[in-house]
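So the sequence lines, in the order shown, correspond to chains A and B.
Residues in the first sequence are numbered from -3 upward in steps of one, following the working numbering.
Residues in the second sequence are numbered from 425 upward in steps of one, following the working numbering.
Here's the structure, in structure tokens; my notes come after.
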Amino acid sequence: KQEVTQIPAALSVPEGENLVLNCSFTDSAIYNLQWFRQDPGKGLTSLLLIQSSQREQTSGRLNASLDKSSGRSTLYIAASQPGDSATYLCAVKANQAGTALIFGKGTTLSVSS
Amino acid sequence: DAGVTQSPTHLIKTRGQQVTLRCSPKSGHDTVSWYQQALGQGPQFIFQYYEEEERQRGNFPDRFSGHQFPNYSSELNVNALLLGDSALYLCASSLGGTQYFGPGTRLTVL
């Protein structure tokens, strides 16, 4: 059974710091991995999607990497801003036909000005 | 494009009651998935509908049921509500690929 773990559960940093969020999964046979942002009480916003054949994806100050063989992904946020404060969720998709996303519990990030 | 919409935004029910949540998918999307997110947890997959049929189901009891209409909109029904059903219910739509999530419905069971 696929399990997704995110470390740390919470993180507080001053504005301007570069930071890394970690995601690990137990079954390396994934179709893709996706990082989401969730503001308190709100829905999910997709940040980056990495296909199983890819190593990384970049969008602005965000960079996500994938090491499928070791079951790990990282989300790198450069030059953090107070507006980055949110919960970041990692989710894996087992295969194209099995379309359920399996989520971790998330990392809650707080960036202080 | 309005994106994925859900109604209502918030809902308060008492134990034993029944509830219906609604979802309108993103324009052109034919697949709708439902997730339950308890406080402090990641979303848990409930089920997915495609072409008006339940295509995949997560580990949820039969109290949770759904429906998809010909216009691809969907409903989630929960019978005999328990306190533990209190959660944010998220709907996601897709067209064979990336899932786009709605804002969710916050259900509180008293």
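For each residue, glycine too, the CB sits at the ideal point set by N, CA and C.
Assigned with DSSP and collapsed to three states, L505 of chain B falls in coil, not helix or strand.
Contact check for F471 of chain B and G482 of chain B: beta-carbon distance about 6 Å, within the 8 Å limit, so the pair qualifies. Looking at the DSSP output, R68 of chain A bridges to A:S20, A:D63. Look at A96 of chain A: its C-beta is under 8 Å from a C-beta on chain B.
The Cβ atoms of L85 of chain A and L15 of chain A lie no closer than 8 Å to each other. When DSSP states are grouped into helix, strand and coil, G79 of chain A belongs to the helix group. When 7 Å is used as the limit between beta carbons, F99 of chain A is near these residues of chain B: G466, P467, in chain order. Contact note: G102 of chain A reaches chain B through G466, using a C-beta cutoff of 7 Å and chain order.
It is roughly 46 Å from the alpha-carbon of S66 of chain A to the alpha-carbon of T438 of chain B.
Every beta strand (DSSP E) of 3 residues or more that sits fully in the region 1 to 58 of chain A is shown, in chain order, as 6 to 10, 15 to 21, 28 to 34, 40 to 47, 52 to 55.
Using a CB distance below 7 Å, the part of the region 43 to 67 of chain A facing chain B consists of L45, ordered along the chain. The C-beta of L507 of chain B has fewer than 16 other C-beta atoms within 10 Å across all chains shown, which makes the residue exposed. Not a single C-beta of chain A is nearer than 8 Å to the C-beta of Q441 of chain B. DSSP, reduced to helix, strand and coil, places H491 of chain B within a strand of the structure shown. The contact set of L7 of chain A on chain B, defined by CB atoms closer than 8 Å, is empty, because the minimum CB distance reaches about 15 Å. Within the region 73 to 93 of chain A, the residues whose Cβ lies closer than 7 Å to any Cβ of chain B are, in chain order, L85.
The residue from B:T455, B:Q441, B:P467, B:H491 with its alpha-carbon nearest to that of G528 of chain B is B:P467. Counting the other CB atoms within 10 Å of its CB gives N501 of chain B a total below 16, which places it among the exposed residues.
Counting only the Cα atoms, F525 of chain B lies some 14 Å from T433 of chain B.
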